[in-house]
Every structure is written in structure tokens, then in C-alpha cells.
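What follows is one structure encoded as C-alpha cells, with my remarks underneath.
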Amino acid sequence: MVEEEIVKIRRKLTLLINVALLSSGVIAAQQSAENLSSGLTAPAATWSQYGFLANHSSFNQTENTLTRANVSSLTWKWAGEVGAPIASAPVVGQGIAYVAAGGTIFAFQASDGTPVWSHLSCSGVGTVEAALGSQALLVGDGGGDLAAYDPLTGNQIWCSDERGAITSAPAVDTDTVYITNGASVVAVDQLTG
């Protein structure tokens, strides 16, 4: 019983720390000189996918709020319960924080943690990760399914069996979603699959 409580606390802490950093305005996304030269862009005020941009560089040149002097002043904004280990980084956009855990996608208000919606992944197998495109939330799962959801309502737009476990976070560039599944790279349209 004590071990279960420790796991729950760790899950909440992981989600809480990520959301505190993402929703506090610390990581405001704007085009940088590097992004302009590579043709990669991220919408303002989002961290829409793993690694910030489609190239997964995890670098935001415009972030200049955090310093060694003020990092200790970060505070928790809220914690949300997802009931399973969180194995992926949350993504934030349109005022909503999305996190995948235990085969389910969860959406929370980024400002206060109010649950917005939740939806099982297509296969129900542990979800790999989500990425927020310009028109859909894209989710790849360990069962090999890639799906698109309406980011505001959670309604499923489409689901496609990509014939092999999806092994990395989706990367979204303009209207195209890229995933890997075993030895293949797959590119699909974010609205049609």
C-alpha cells in the first residue's frame, strides 16, 4: 500500500513539475533565427510537441526568463491525477495541457488543472506520446495506432493502424505528422491520416 502511494505521488509530481514549467510562461515559443533558417516554426505560447519543434531539438532560443538566480522561485500551479505512470512529456497549446498515461490521453486546463476531457488511445495499449498540430492532437501508441483528436473536445477524428509499435513521439511539421514504427518512418496528413 505504501509503495502504491509513493508511485501516485511520483506521478503527480512529474505532471505538476512539467505543467508548472510549461504553463508559467517560462517556455513561450517564438520563431528563432535557427528555426527560420530550418523552416521549422512553432505557434506562439505553445510547447506543442516533444522537443519543442518537429526536429525535436528541445531548444527555445527566445526563452530568457529562467536564470540560476530565479529558478528556486518556481512554484507549483496544480496537480492532476491520471492513474498511471506518465511516460511522456506533456504538450501545451490553446490553454490546454495534454498528457498521455496508461493508454489514455488527458486534457487539463493549463491555468488551473481542471480536467477538460480524457480518451482511450485507439488500441488501449500504453500511449507513447502526443503532439499538437495546427488542427489536431496526434497520438501514437505502443499498439501501432496513430490517431487524431479534436484538441478542444477530445473527439476522435481518425485512427490508423501503422503496422508496428510506434517507437517515438510524433513530429508535426505544417500539416504532416511523422512517426517511426520499427524500421520505418511514416508520414501522414494530420487531418486525414
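Take any residue in the sequence shown, count from 1 to its spot, add 114: that is its number in my numbering. Each residue gets a CB set at the ideal place from its N, CA and C atoms; glycine is no exception.
| Delimiting residues of the beta strand (DSSP E) encompassing Pro-284 | Careful: Pro-284 lies outside any beta strand (DSSP E) and carries neither H nor E.
| Cys-273 bridges to which residues according to DSSP? | In DSSP, Cys-273 forms a bridge with Ala-261.
| task | Just grab the DSSP bridge partners of Asp-226 for me. | result | DSSP, once it has assigned bridges, lists no residue as partnering Asp-226.
| Roughly how many angstroms separate the alpha carbons of Gly-307 and Trp-192, rounded to a whole number? | 34 Å
| request: Return yes when the Cβ of Ser-225 is within less than 8 Å of the Cβ of Gly-258, no when it is not. | output: It is not a contact, given that the beta carbons lie outside the stated cut-off.
| Assigned exposure category for Leu-246 - 16 Cβ within 10 Å defines buried | Buried.
| task | Report yes if the C-beta distance between Pro-199 and Ala-215 is below 8 Å; otherwise report no. | result | yes
| Helix, strand or coil at Ser-235 [DSSP, three-state] | coil
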